[in-house]
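Engineer: The sequence shown begins at 1 in full-length UniProt numbering and counts up one residue at a time.
Glycine included, C-beta positions come from ideal geometry on N, C-alpha and C.
None of the values given here were measured: they were computed from a predicted structure.
The structure follows.
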Amino acid sequence: MEWTSPVLAIAALVFLFFQAFTWKTRAKNKRLPPGPIGIPILGNLLMIGTKPHHDLHRLALKYGPIMHLRFGLMPVIIVSSPEAAELFLKTHDLVFASRPPHESSKRISYNQKGIAFSPYGSYWRNMRKMCTLELLSNHKISTFRSMRKQELDLLVQRIQEAAYAGVAVDLSSMVASFSTDVACRMIIGKKYNRDDFSEKGFEATVREGMQVGSAFNLADYIPQIRGLDLQGQTKRMKAIARDFDDYFEKIIEEHVQSKDENRTKDFVDVMLGFMGSEETEYRVERDTIKAIVLDMLAGSMDTSAATIDWTMAELIRHPRVAKKLQMELEDVVGAKRMVEESDLDKLEYLNMVMKESFRLHPVGPLLVPHAAREDCTVNGFHIPKGSRILINAWAIGRDQRVWTDTDKFKPERFIGSDIDVRGQNFELIPFGSGRRGCPGMQLGLTIVRLVVAQLVHCFDWKLPNNMQTSELDMTEDFGLACPRAQHLLAIPTWRLHT
Numbered sequence: 001m002e003w004t005s006p007v008l009a010i011a012a013l014v015f016l017f018f019q020a021f022t023w024k025t026r027a028k029n030k031r032l033p034p035g036p037i038g039i040p041i042l043g044n045l046l047m048i049g050t051k052p053h054h055d056l057h058r059l060a061l062k063y064g065p066i067m068h069l070r071f072g073l074m075p076v077i078i079v080s081s082p083e084a085a086e087l088f089l090k091t092h093d094l095v096f097a098s099r100p101p102h103e104s105s106k107r108i109s110y111n112q113k114g115i116a117f118s119p120y121g122s123y124w125r126n127m128r129k130m131c132t133l134e135l136l137s138n139h140k141i142s143t144f145r146s147m148r149k150q151e152l153d154l155l156v157q158r159i160q161e162a163a164y165a166g167v168a169v170d171l172s173s174m175v176a177s178f179s180t181d182v183a184c185r186m187i188i189g190k191k192y193n194r195d196d197f198s199e200k201g202f203e204a205t206v207r208e209g210m211q212v213g214s215a216f217n218l219a220d221y222i223p224q225i226r227g228l229d230l231q232g233q234t235k236r237m238k239a240i241a242r243d244f245d246d247y248f249e250k251i252i253e254e255h256v257q258s259k260d261e262n263r264t265k266d267f268v269d270v271m272l273g274f275m276g277s278e279e280t281e282y283r284v285e286r287d288t289i290k291a292i293v294l295d296m297l298a299g300s301m302d303t304s305a306a307t308i309d310w311t312m313a314e315l316i317r318h319p320r321v322a323k324k325l326q327m328e329l330e331d332v333v334g335a336k337r338m339v340e341e342s343d344l345d346k347l348e349y350l351n352m353v354m355k356e357s358f359r360l361h362p363v364g365p366l367l368v369p370h371a372a373r374e375d376c377t378v379n380g381f382h383i384p385k386g387s388r389i390l391i392n393a394w395a396i397g398r399d400q401r402v403w404t405d406t407d408k409f410k411p412e413r414f415i416g417s418d419i420d421v422r423g424q425n426f427e428l429i430p431f432g433s434g435r436r437g438c439p440g441m442q443l444g445l446t447i448v449r450l451v452v453a454q455l456v457h458c459f460d461w462k463l464p465n466n467m468q469t470s471e472l473d474m475t476e477d478f479g480l481a482c483p484r485a486q487h488l489l490a491i492p493t494w495r496l497h498t
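Following this line, the structure appears as structure tokens:
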């Protein structure tokens, strides 16, 4: 870290020390949740490593499911049990329905104008309503069914060619490309063209944005040092923002200039129709369109691809589970055709497999942070206004009071269970819950179930180079979305009688 001058460094340290002391003095008569003692200025930040969900889980085992930490000058509340999550996401949902100031989202997502990070209020309510009705409603999801089938057929065809050649495929890359193409066709009306983006590539830039957005940026917790860019994060954010902005400007201009009256209207067309209008609640500006398109693309691309990747890796590691799923698919679908979306609700064991994958590998292990809009008492603890609330979905999925053999992949644990992933059962909340639950949940569930079912139904899978299933690297790559760190390489064998 490099300060602009020793005098500035000393002045800032003294100021921050007194800020921390003042905050502690104000809070000392309040019963805050338990938590470890921090150091001056930085608080508990040095206790958090490259896998924060692991570190916070370990601390919660000692201090409890509602834990208080201090990151810089900011009080942070860590929630690590189903009961605690229900208090924050249901009982006191409105109090914790906002988002905290977030430096990367301000710089990359047009001053937090996207759905995920915008503060609670009329703007967020109107934009979420627009996205839900115009892109994510059941009717709209059904409208894009044939397009999803086209893209999935292309994915299966590419893998089938590799199967006939007897070679391994990079399943991670292929699934990521499929997710990108589906998302882009729904939202911007065409497949992603690599020539339209910077050399880094759109998928890689989205992934970098996810990593920057999840990194513990000191400026988020010590606002007084925001202009110093001590960690070099601001420079990265500006570069990412510039690449996205150039791309979205091209997309918007293409839509504005388009003369094709027969072209199917996509989400960008819908938002452009609202731009400048005084007759609708959905009044949007150009930056609003770009921020929401970025949110929709990032939210549907990386998360779906990571979930499919984790699930396929677990099925390869557990041949018994894969064979049992194939038997169900043969019973419901038969061995002479591929899976259709209409089959999904009949596949009970597939749903158990997906629930277990969400439990063991939630793609967002720490849900997007919430913020306290006012002082609140939760379970007898004082939660100060402005506190950041982190819901550790990864830890909740390993709560030994709820789950047995927490580190094992056992879909059968859901036999006879009414636990679902849609936000009503707080033992399993991969999509969050309450007002800030993921609006794209239904679309995401449709895509990941369909792709996993198709890949398992059409192909048998084995690892290359005589690798044992126990050798498969399951290391995480932490970010706002948390994929596997290593690409999944596997050899497919075609199994349908077509």
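Enumerate in chain order the residues of its own chain whose CB-to-CB distance from Met441 is below 6 angstroms, with the five nearest sequence positions on each side excluded.
Structural biologist: In the sequence shown, counting from the first residue as 1, residue 441 sits at position 441. Contacts found: Phe431.
Engineer: Using only the alpha-carbon positions, how far apart do Val268 and Thr404 sit?
Structural biologist: For the purposes of this step, residue 268 is taken as the residue at position 268 of the sequence shown. For the purposes of this step, residue 404 is taken as the residue at position 404 of the sequence shown. Rounded to whole angstroms, Val268 to Thr404 spans 46 angstroms at the Cα level.
Engineer: Rounding to the nearest angstrom, what Cα-Cα distance links Phe216 and Asn44 in this structure?
Structural biologist: One-based indexing of the sequence shown puts residue 216 at position 216. One-based indexing of the sequence shown puts residue 44 at position 44. So the alpha carbons of these two residues sit roughly 12 angstroms apart.
Engineer: If you reduce the DSSP assignment to three classes, tell me which class Phe459 lands in.
Structural biologist: As a working note, residue 459 is residue 459 in the sequence shown. It is a strand residue.
Engineer: Given this structure, state the Cα-to-Cα distance separating Glu83 from Lys90, to the nearest angstrom.
Structural biologist: As a working note, residue 83 is residue 83 in the sequence shown. As a working note, residue 90 is residue 90 in the sequence shown. If I take the Cα positions, the gap works out to 10 angstroms.
Engineer: Take the Cβ of Val256 as the centre, count every other Cβ of all protein chains shown within 10 Å, and call the residue buried at 16 or more, exposed below.
Structural biologist: Looking up residue 256 in the sequence shown gives position 256. Exposed is the call here.
Engineer: Does Met127 get closer than 8 angstroms to chain C when you measure Cβ to Cβ?
Structural biologist: Reference to chain C is not applicable here, since this structure consists of a single protein chain.
Engineer: From which residue to which residue does the beta strand (DSSP E) around Ala490 run?
Structural biologist: Taking the sequence shown and counting its residues from 1, one reaches residue 490 at position 490. Looking at the DSSP string, the run of the beta strand (DSSP E) that includes Ala490 is Leu489 to Trp494.
Engineer: Out of Trp394, Val402, Asp460 and Asn392, which one is the CA nearest neighbour of Val156?
Structural biologist: If you number the sequence shown from 1, residue 156 lands on position 156. Per the Cα distances, Asp460.
Engineer: According to DSSP, is Phe178 part of a helix, a strand, or is it coil?
Structural biologist: Position 178 of the sequence shown, counted from the first residue, corresponds to residue 178. Three-state DSSP puts Phe178 in a helix.
Engineer: For Met312, report the span of its alpha helix (DSSP H) as first-last.
Structural biologist: Along the sequence shown, one-based indexing puts residue 312 at 312. Start and end: Arg286 to Arg317.
Engineer: Would you identify the three-state DSSP class for Asn425, choosing helix, strand or coil?
Structural biologist: As a first step, residue 425 is located in the sequence shown; it is residue number 425 there, counting from the start. Correct three-state label for Asn425: coil.
Engineer: Any idea if Val293 is buried or exposed, counting beta-carbon neighbours within 10 angstroms, 16 or more meaning buried?
Structural biologist: Stepping through the sequence shown from its first residue, residue 293 is reached at position 293. When all chains shown are included, Val293 counts as buried.
Engineer: Using the three-state DSSP reduction, which class does Asp170 fall into: helix, strand or coil?
Structural biologist: For the purposes of this step, residue 170 is taken as residue 170 along the sequence shown, with counting starting at 1. Note: Asp170 maps to strand in three-state DSSP.
Engineer: Which of the three DSSP states is assigned to Ala11 in this structure?
Structural biologist: Working through the sequence shown from its first residue, we reach residue 11 at position 11. Confidence at Ala11 is low in this model, with a pLDDT of 44, below 50, so the placement of that residue is unreliable and no value is reported for it.
Engineer: State yes or no: is the C-beta of Glu285 within less than 8 angstroms of the C-beta of Met296?
Structural biologist: Taking the first residue of the sequence shown as position 1, residue 285 is located at position 285. Taking the first residue of the sequence shown as position 1, residue 296 is located at position 296. No, they are not a contact pair.
Engineer: For Pro40, count the other beta carbons within 10 Å of its own beta carbon; 16 or more makes it buried, fewer makes it exposed. Which is it?
Structural biologist: By 1-based counting over the sequence shown, the position of residue 40 is 40. With fewer than 16 Cβ atoms within 10 Å of its Cβ, Pro40 is classed as exposed.
Engineer: Between Gly213 and His102, what straight-line distance do the alpha-carbon atoms span, to the nearest angstrom?
Structural biologist: As a working note, residue 213 is residue 213 in the sequence shown. As a working note, residue 102 is residue 102 in the sequence shown. Roughly 8 angstroms separates the two Cα atoms.
Engineer: How close, in whole Å, do the beta carbons of Ala163 and Trp494 come, if the pair is a contact with beta carbons under 8 angstroms?
Structural biologist: Position 163 of the sequence shown, counted from the start, is the residue given in the question as residue 163. Position 494 of the sequence shown, counted from the start, is the residue given in the question as residue 494. Correct: roughly 5 angstroms between the Cβ atoms.
Engineer: Does DSSP classify Cys376 as helix, strand or coil?
Structural biologist: Working through the sequence shown from its first residue, we reach residue 376 at position 376. Strand at Cys376.
Engineer: Take Asp399 and list the residues in its own chain whose beta-carbon comes closer than 7 angstroms to its own, dropping the five residues that flank it on each side.
Structural biologist: For the purposes of this step, residue 399 is taken as the residue at position 399 of the sequence shown. Excluding residues within five positions, the ones whose Cβ falls inside 7 angstroms are Ser81 and Pro82.
Engineer: Is the number of C-beta pairs between the segment 445-462 and the segment 370-381 that are closer than 8 angstroms three or more?
Structural biologist: They do not touch, by the three-pair rule.
Engineer: Given 8 angstroms as the limit, is there contact between the segment 50-63 and the segment 484-492, that is, 3 or more CB pairs closer than that?
Structural biologist: No, they do not touch.
Engineer: Give the DSSP bridge partners of Pro75, in chain order.
Structural biologist: One-based indexing of the sequence shown puts residue 75 at position 75. Partner(s): Arg70.
Engineer: Ordered along the chain, which non-local residues of its own chain (more than five positions away) have a Cβ less than 8 angstroms from that of Trp124?
Structural biologist: The residue you call residue 124 lines up with position 124 of the sequence shown. Cβ within range, chain order: Ile115 and Ser118.
Engineer: Tell me whether Ile240 sits in a helix, a strand or coil according to DSSP, three-state version.
Structural biologist: The residue labelled residue 240 in the question sits at position 240 within the sequence shown. Helix, per DSSP.
Engineer: Can you have a look at Lys355 and say buried or exposed, based on whether 16 or more other CB atoms are within 10 angstroms of its CB?
Structural biologist: Position 355 of the sequence shown holds residue 355. By the neighbour-count rule (16 or more Cβ atoms within 10 Å), Lys355 is buried.
Engineer: Thinking Gln160 and Val339 are a contact (beta carbons under 8 angstroms), I'd like their distance in whole angstroms, please.
Structural biologist: In the sequence shown, counting from the first residue as 1, residue 160 sits at position 160. In the sequence shown, counting from the first residue as 1, residue 339 sits at position 339. 15 angstroms between Cβ atoms; not a contact.
Engineer: Got a sec? Which residues, its chain only, sit under 8 angstroms from Lys346 by beta carbon, not counting five neighbours each side?
Structural biologist: Start at 1 with the first residue of the sequence shown, and residue 346 comes out as number 346. Same-chain partners within the cutoff: Val332.
Engineer: Can you give the Cα-Cα distance for Glu199 and Gln211, rounded to whole angstroms?
Structural biologist: Within the sequence shown, residue 199 is the residue found at index 199, counting from 1. Within the sequence shown, residue 211 is the residue found at index 211, counting from 1. Those two C-alpha atoms are separated by around 19 angstroms.
Engineer: As a quick exercise: from His53, Arg31 and Gly38, pick the residue whose alpha carbon is nearest that of Val368.
Structural biologist: Translated into the one-based positions of the sequence shown, residue 368 becomes position 368. Nearest of His53, Arg31 and Gly38 to Val368, Cα basis: His53.
Engineer: Which same chain residues end up closer than 7 angstroms to Asp196 when comparing Cβ atoms and leaving out the 5 residues on each side of it in sequence?
Structural biologist: The sequence position of residue 196 within the sequence shown is 196, counting from 1. Excluding positions up to five away in sequence, the list reads Tyr247 and Lys250.
Engineer: Excluding five sequence neighbours on each side, which residues of the same chain lie with their C-beta closer than 6 angstroms to the C-beta of Gly364?
Structural biologist: By 1-based counting over the sequence shown, the position of residue 364 is 364. For Gly364, where only same-chain residues beyond five positions count, there are no Cβ hits under 6 angstroms.
Engineer: Skipping 5 residues on each side, what residues in its chain have a beta carbon closer than 8 angstroms to that of Phe18?
Structural biologist: On the sequence shown, residue 18 is found 18 positions in, with the first residue counted as 1. Its pLDDT being 49, under 50, Phe18 is placed unreliably in this model, and the value from its coordinates should be taken loosely. No residues qualify anywhere along the chain.
Engineer: How would you call Phe478, buried or exposed, if buried means at least 16 neighbouring beta carbons within 10 angstroms?
Structural biologist: By one-based count along the sequence shown, residue 478 stands at place 478. Phe478 comes out buried.
Engineer: Here's the rule I'm using: 16 or more other beta-carbon atoms within 10 Å means buried, otherwise exposed. How should Met474 be labelled?
Structural biologist: Counted from its first residue, the sequence shown places residue 474 at position 474. Classification for Met474: exposed.
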